[in-house]
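Report on one structure; see the data block that follows.
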Amino acid sequence: MQNPSKTTLDDLATMVKGGFDNMDSQFKGVHDQFKGVNKRLDDLEKGQEEIKLRLDNVAYRFELVELQRRVEMVEKKVGINYQK
12 MQNPSKTTLD
22 DLATMVKGGF
32 DNMDSQFKGV
42 HDQFKGVNKR
52 LDDLEKGQEE
62 IKLRLDNVAY
72 RFELVELQRR
82 VEMVEKKVGI
92 NYQK
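If you're matching positions, the sequence shown starts at 12 in the working numbering and goes up one per residue.
Put into structure tokens, the structure is as follows:
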């Protein structure tokens, strides 16, 4: 039982190189996909920072409303009639 086609070391080297070249191109594709994911995560982080800033301002508004209510109560007790 003799194998009619003999594979030489050069043939094996060519096949291995082809496999590595194929993997290299696949890794480049994965790398590009990760770049896209990283950009999306950066955008999400920026949006999250904007939301945090807005929420900080909302908290101040609630405090202002409470302070306004308290000042009005004091003005009423003291007899000050402040017109907006």
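Glycine included, C-beta positions come from ideal geometry on N, C-alpha and C.
Since the model is a prediction, treat every value here as computed from it, not as a measurement.
Would you report the Cα separation of Leu55 and Arg81, rounded to the nearest angstrom? Cα to Cα, Leu55 sits roughly 39 Å from Arg81.
If you draw a straight line from the C-alpha of Lys39 to the C-alpha of Val27, how long is it? Approximately 18 Å, taken between the alpha carbons.
Exposed or buried, what is His42 when buried is set at 16 or more other beta-carbons lying within 10 Å of its beta-carbon? Burial is judged here by how many other beta carbons sit within 10 angstroms of a residue's own beta carbon; His42 has fewer than 16 and is exposed.
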